[in-house]
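The sequence shown begins at 1 in full-length UniProt numbering and counts up by one. Following: one structure in structure tokens, then a few remarks.
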Amino acid sequence: MGRLTAVPVLVTGGYVTVAASGGAGPGHRDPMAMFTMLLMIGITDNKCAHKAESKVLVTGASGYVASHLVKQLQEAGHQVRGTVRSLRNTDKMKHLYDLCPNAAHKLELVEADLLDAESWTPAVEGMTHVMHVASPLPMKPPANEEEVIKPAVEGTLSVLRACAKSHTVKRVVFTSAGFVVGLNPASSGNPRTEADWADVAKLEGYSKSKYLAERAAWDFVKELPDGEKFELSVIIPCAVLGPPLHNSPFASMGIVQKILSREMPAVPKMNLPMIDVRDVAQAHVRAMTLPEAAGNRFICYTDSIWMSEIAALLKFVFEPQVVNRLDNTKMREVLKIQPRDIRDTIIDTAYGLIEKGFVAKTSDYRGPGGPEERQRYRELRL
């Protein structure tokens, strides 16, 4: 894993984007100074377009990222309204009321559904800002990708139409995804930036739904008449990890969960671009408050890490807490047995399986390597 930086969120590459003239959508702009400003700790009041007087709607408030966003907004003094699909599902949303016990304004929850366009008008009413985080995220690929794409795109447009009709919403912050700019290396060899868009023909299901929803958002804002205009900022998080505040599983957390629970039979050779959920939430808040963030896309990324590195890190911290260990004192002291090195045991087992024909010999098979081989593999750090 590369060197971690002290800055909590980085933009890959050296450029950020702003709206083209006339607010026509994302275009190009100079260096990453703007995003650095997003993350400065000491932002003065005159740098913020909207401070504690903001009334903020968070869609899908009970979700992984949205819960952190609700918490940070309340801690900053904003008045927060969150949407949930059903107020009757108290177990799914009860944690939201405990996120900020000393909040200046009590959290308000209302019902709204991505496929119910009419539900968004009352949800948006009176709001100055909208954080559109809600999007269908199936735990397994749907049989028909339209099951994900339709609510993502139509839901986004329903939210934006309600914002336009409200005449009170000043800015919408939309949560996109890393798939939208493309997680594979660019053909140029340079890091992906906010100027990039993935090849939609190669996307499917959830990733395609996020791509189409973001495109729809930019197109919608571009065509707004003067009397209904509002600003748009887009947050593009990579794989999100960090402590959950909600009570439901989130896809990317399954990586750590399965390793800790010993449910992952092998560690795949996979490299993941990561970001902390707390930094993603902070980026949303800064994208809402800073004038310079309007019309911009922001890649949220900390570092890329191999799955094997995640496993090694978890092993270092948690092995003493979870690994089964037995006391072999009596075996050593009474029976006088000094156990063989466990690395020898594993390698000898492998050679035994090959020699007995349980595993086929390859053309390069050379047989047991003797003391020199043992010395080499014993130098490996396990």
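Ideal placement from N, C-alpha and C gives every residue a C-beta, glycine not left out. In this text, all values refer to a predicted model and were calculated from it rather than measured experimentally.
Can you tell me whether residue i is helix, strand or coil according to DSSP?
{"i": "Ser67", "result": "helix"}
{"i": "Asp98", "result": "helix"}
{"i": "Ala213", "result": "helix"}
{"i": "Cys238", "result": "coil"}
{"i": "Ile233", "result": "For clarity, residue 233 is Ser in the given sequence; the question names Ile instead. Three-state DSSP puts Ser233 in a strand."}
{"i": "Gly82", "result": "strand"}
{"i": "Leu326", "result": "coil"}
{"i": "Arg297", "result": "strand"}
{"i": "Arg171", "result": "strand"}
{"i": "residue 384", "result": "As shown, the chain starts at 1 and ends at 382. That puts residue 384 outside it, with no answer to give."}
{"i": "Glu108", "result": "strand"}
{"i": "Lys92", "result": "helix"}
{"i": "Asp196", "result": "coil"}
{"i": "Pro122", "result": "helix"}
{"i": "Val58", "result": "strand"}
{"i": "Ser304", "result": "strand"}
{"i": "Met139", "result": "coil"}
{"i": "Pro291", "result": "helix"}
In whole angstroms, what is the alpha-carbon distance linking residue i and residue j?
{"i": "Gly178", "j": "Asp98", "result": "30 Å"}
{"i": "Ala311", "j": "Ala162", "result": "45 Å"}
{"i": "Pro142", "j": "Asp341", "result": "48 Å"}
{"i": "Pro237", "j": "Ser304", "result": "13 Å"}
{"i": "Pro320", "j": "Gly155", "result": "47 Å"}
{"i": "Arg378", "j": "Glu372", "result": "10 Å"}
{"i": "Gly63", "j": "Lys269", "result": "29 Å"}
{"i": "Leu107", "j": "Thr289", "result": "20 Å"}
{"i": "Gln74", "j": "Val280", "result": "16 Å"}
{"i": "Trp120", "j": "Gly189", "result": "43 Å"}
{"i": "His105", "j": "His129", "result": "16 Å"}
{"i": "Gly295", "j": "Asp199", "result": "22 Å"}
{"i": "Tyr301", "j": "Tyr351", "result": "44 Å"}
{"i": "Val65", "j": "Glu214", "result": "17 Å"}
{"i": "Thr362", "j": "Asn144", "result": "44 Å"}
{"i": "Pro244", "j": "Gln257", "result": "12 Å"}
{"i": "Ala217", "j": "Leu160", "result": "8 Å"}
{"i": "Asp113", "j": "Arg85", "result": "5 Å"}
{"i": "residue 459", "j": "Asp344", "result": "The shown model of the chain, from 1 to 382, leaves out residue 459, and the question about it has no answer."}
{"i": "Leu137", "j": "Thr83", "result": "16 Å"}
{"i": "Ala123", "j": "Glu147", "result": "24 Å"}
{"i": "Val285", "j": "Ser67", "result": "13 Å"}
{"i": "Leu353", "j": "Met253", "result": "37 Å"}
{"i": "Asp196", "j": "Arg297", "result": "10 Å"}
{"i": "Leu232", "j": "Gln79", "result": "20 Å"}
{"i": "Pro31", "j": "Glu292", "result": "Because Pro31 sits at a pLDDT of 34, beneath the cut-off of 50, its placement in the model cannot be relied upon, and the following sentence gives the value as read from the coordinates. For Pro31 and Glu292, the distance between alpha carbons rounds to 13 Å."}
{"i": "Pro191", "j": "Pro273", "result": "12 Å"}
{"i": "Arg262", "j": "Asn271", "result": "20 Å"}
{"i": "Arg374", "j": "Asn184", "result": "39 Å"}
{"i": "Lys315", "j": "Ile347", "result": "22 Å"}
{"i": "Ala49", "j": "Glu228", "result": "For Ala49, the predicted structure reports a pLDDT of 38, less than 50, and the residue's modelled location is therefore unreliable. A value from the coordinates is still provided. Rounded to the nearest angstrom, the two C-alpha atoms are 19 Å apart."}
{"i": "Phe220", "j": "Val317", "result": "48 Å"}
{"i": "Leu326", "j": "Pro101", "result": "45 Å"}
{"i": "Met264", "j": "Thr168", "result": "49 Å"}
Which term fits residue i, buried or exposed, when burial requires 16 or more other beta carbons within 10 angstroms of its beta carbon?
{"i": "Ala134", "result": "buried"}
{"i": "Gln282", "result": "buried"}
{"i": "Lys55", "result": "buried"}
{"i": "Phe230", "result": "buried"}
{"i": "Val359", "result": "exposed"}
{"i": "Lys94", "result": "exposed"}
{"i": "Tyr365", "result": "exposed"}
{"i": "Ala201", "result": "exposed"}
{"i": "Lys356", "result": "exposed"}
{"i": "Lys336", "result": "exposed"}
{"i": "Thr59", "result": "buried"}
{"i": "Pro151", "result": "buried"}
{"i": "Ala287", "result": "buried"}
{"i": "Gln338", "result": "exposed"}
{"i": "Ile41", "result": "Low local confidence applies: a pLDDT of 32 at Ile41 is under 50, so the model's placement there is unreliable, with the coordinate-based value given in what follows. Ile41 comes out exposed."}
{"i": "Arg171", "result": "buried"}
Quick one, are the C-beta atoms of residue i and residue j less than 8 Å apart?
{"i": "Leu212", "j": "Ile149", "result": "yes"}
{"i": "Arg81", "j": "Met139", "result": "no"}
{"i": "Lys210", "j": "Val180", "result": "yes"}
{"i": "Ile275", "j": "Val173", "result": "no"}
{"i": "Leu96", "j": "Val70", "result": "yes"}
{"i": "Leu313", "j": "Val277", "result": "no"}
{"i": "His132", "j": "Thr90", "result": "no"}
{"i": "Ser158", "j": "Glu125", "result": "no"}
{"i": "Ile299", "j": "Glu194", "result": "yes"}
{"i": "Leu224", "j": "Ala164", "result": "yes"}
{"i": "Leu109", "j": "Ala61", "result": "yes"}
{"i": "Val334", "j": "Met307", "result": "no"}
Would you please verify whether the beta carbon of residue i is less than 8 Å from any beta carbon of chain B?
{"i": "Met93", "result": "The question asks about chain B, but that chain is absent: this structure has only one protein chain."}
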